[in-house]
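Student: My questions all concern the structure below.
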Amino acid sequence: MFGYIKVHKPELKVKDFEIYNAVYCGLCRKLGKTYGALSKFSLSYDMTFVSLLQASLSEEFYGYERKRCRVNPFKKCTYCKSDSDSHSLAAAASVALTDMKVRDNIADCRFFKSLCYRFLRLFTKCWSKKAYRDFPELEKITDEYFKSQQLAENDPHCGLDQAAEPTALAVSQILSLIECEEKYKFVLKRMGYCLGKWVYLCDVADDLEQDIKLHRFNPLIKELPNNTEPLKFAETRLVPILNTCFVECSTYSELLEIKRFKQILDNILYEGLKNAQLKIFTEET
33 MFGYIKVHKP
43 ELKVKDFEIY
53 NAVYCGLCRK
63 LGKTYGALSK
73 FSLSYDMTFV
83 SLLQASLSEE
93 FYGYERKRCR
103 VNPFKKCTYC
113 KSDSDSHSLA
123 AAASVALTDM
133 KVRDNIADCR
143 FFKSLCYRFL
153 RLFTKCWSKK
163 AYRDFPELEK
173 ITDEYFKSQQ
183 LAENDPHCGL
193 DQAAEPTALA
203 VSQILSLIEC
213 EEKYKFVLKR
223 MGYCLGKWVY
233 LCDVADDLEQ
243 DIKLHRFNPL
253 IKELPNNTEP
263 LKFAETRLVP
273 ILNTCFVECS
283 TYSELLEIKR
293 FKQILDNILY
303 EGLKNAQLKI
313 FTEET
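All residue numbers for the sequence shown refer to my numbering, where the first residue is 33 and numbers rise by one.
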């Protein structure tokens, strides 16, 4: 994923930030335990949000434990227990999406430039195979995501909506795998769709200047008028869409029966998304 879905720390209570870190560290520990130490490089704030959402809807919660950090053995951390089911989907999705990203980089690079990604795929392919055994639906989701994104990027007439659709659908389908009452499945799908579209469009704006220099695909490039500052154009073009996406996502979240972590989830959906978006366009925190 892209790393935009995270808390806005200044607006979060200290105890809630410690809980957020415990979920983040618990997901890290789950990745290492299930897929091996190197899989921890797939850890992201986006999948931490998935863990939080899963735990917030679950009837059971396994609590916390304090152990030495496996990345920094001199430090002790509080973990949301890694045997908790709330980490399983997020960990599987993390490695599956990382493998898909590596595949995408191999497809986009010339042979010699792709050698490091080909080597990395020896690991990511093993991780994703194990993830697909635990969550068979993920294989279909990532394959469709990869193929749809490739089609969009190779279409000379591809616009914003077509380019964002694969990410929006993938996040929608991943959130629909969260275990919860059936009546909340549609809500999670709609949340995921809006969130996925928001994430993709944030990335489009964030990478626009670099994509122009490197001649990489970006659906905004062909819309960019001559002698126009790219980021200012992206702000004018995207902010109304981005605002609609995160407002709709936040609105749908109010329909869920949140059993725990509501303050943290609200912080992410109401403050974190807005702050991440602001940072892209104004370089403010």
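In this text, a Cβ means the ideal position worked out from N, Cα and C, and glycines have one as well. Predicted, not measured: the structure shown is a model, and the values here were computed from it.
Out of Asp78, Lys65, Leu84 and Val55, point me to the one whose CA is closest to Leu297's CA.
Tutor: Comparing Cα positions, the closest option is Leu84.
Student: With a threshold of 6 Å on Cβ separation, who are the neighbours of Ala200 within its own chain once the five nearest residues in sequence on each side are excluded?
Tutor: Result list for Ala200: Tyr225, Gly228 and Lys229, in chain order.
Student: State the CB to CB distance for the pair Ala54 and Tyr96, rounded to an integer number of angstroms; the pair is presumed to be in contact (CB under 8 Å).
Tutor: Indeed they touch by this definition, with Cβ atoms about 6 Å apart.
Student: Report the rounded CA-to-CA distance for Leu263 versus Pro105, giving the unit in angstroms.
Tutor: Cα-Cα distance, rounded: 42 Å.
Student: Is it true that the region 249 to 262 meets the region 172 to 180, where meeting means three or more beta-carbon pairs spaced less than 8 Å apart?
Tutor: They do not touch, by the three-pair rule.
Student: Can Ile173 and Leu89 be called in contact, C-beta distance under 8 Å?
Tutor: No; because the gap between Cβ atoms is not below 8 Å, this pair is not in contact.
Student: Write down every uninterrupted run of the alpha helix (DSSP H) in the region 98 to 146 whose length is 4 residues or greater and which is fully enclosed by it, in chain order.
Tutor: The qualifying runs are 120 to 140.
Student: Taking the alpha-carbon positions, what's the Ser76 to Pro188 distance?
Tutor: Taking the straight line joining both Cα atoms gives about 32 Å.
Student: Quick one: using the 10 Å Cβ neighbour count with 16 as the cut-off for buried, is Asp238 buried or exposed?
Tutor: Classification of Asp238: buried, given that the 10 Å Cβ count is 16 or more.
Student: Return yes when the Cβ of Ala124 is within less than 8 Å of the Cβ of Asp166, no when it is not.
Tutor: Their beta carbons are under 8 Å apart, which means Asp166 touches Ala124 by this criterion.
Student: Quick one: using the 10 Å Cβ neighbour count with 16 as the cut-off for buried, is Lys47 buried or exposed?
Tutor: Lys47 should be labelled exposed.
Student: If you draw a straight line from the C-alpha of Tyr322 to the C-alpha of Leu220, how long is it?
Tutor: As displayed, the chain neither begins before 33 nor continues past 317, which places residue 322 out of reach and without an answer.
Student: Taking only the alpha-carbon atoms, compute the straight-line gap between Arg150 and Glu286 and give it to the nearest angstrom.
Tutor: Distance between the alpha carbons of Arg150 and Glu286 is about 43 Å.
Student: Closer than 7 Å by C-beta to Ala196: which residues in its own chain qualify, once you throw out the five before and the five after it? Chain order, please.
Tutor: Correct list, in chain order: Lys229, Tyr232 and Leu233.
Student: Ile300: buried (16+ other C-beta within 10 angstroms of its C-beta) or exposed?
Tutor: It counts as buried.
Student: Between which residues of its own chain and Gly64 is the CB-CB distance below 8 Å, once the five residues before and five after are set aside?
Tutor: Closer than 8 Å at the Cβ level, and outside the excluded window around Gly64, lie Ser71, Lys72 and Arg102.
Student: Take Phe34 and list the residues in its own chain whose beta-carbon comes closer than 6 Å to its own, dropping the five residues that flank it on each side.
Tutor: Answer for Phe34: Val231 and Asp235, listed in chain order.
Student: According to DSSP, which residues form a beta bridge with Tyr96?
Tutor: For Tyr96, which the question treats as bridged, DSSP gives the partners Cys112.
Student: So the alpha helix (DSSP H) Phe278 belongs to, where does it begin and stop?
Tutor: Note, Phe278: alpha helix (DSSP H), Pro262 to Ser285.
Student: According to DSSP, is Cys234 part of a helix, a strand, or is it coil?
Tutor: In the structure shown, Cys234 sits in a helix (DSSP, three-state: H, G or I).
Student: Can you tell me the Cα-Cα spacing of Cys148 and Pro198, whole angstroms?
Tutor: The straight-line gap from Cα to Cα measures roughly 26 Å.
Student: Measure the beta-carbon distance from Cys281 to Met223 and round it to whole angstroms, keeping in mind my assumption that it falls under 8 Å.
Tutor: Correct: roughly 5 Å between the Cβ atoms.
Student: Taking the continuous alpha helix (DSSP H) assigned at Asn299, which residues delimit it?
Tutor: Where Asn299 is concerned, there is no enclosing alpha helix (DSSP H), given that its DSSP letter is neither H nor E.
Student: Could you tell me the alpha carbon to alpha carbon distance between Lys145 and Ile138, rounded to whole angstroms?
Tutor: Taking the straight line joining both Cα atoms gives about 8 Å.
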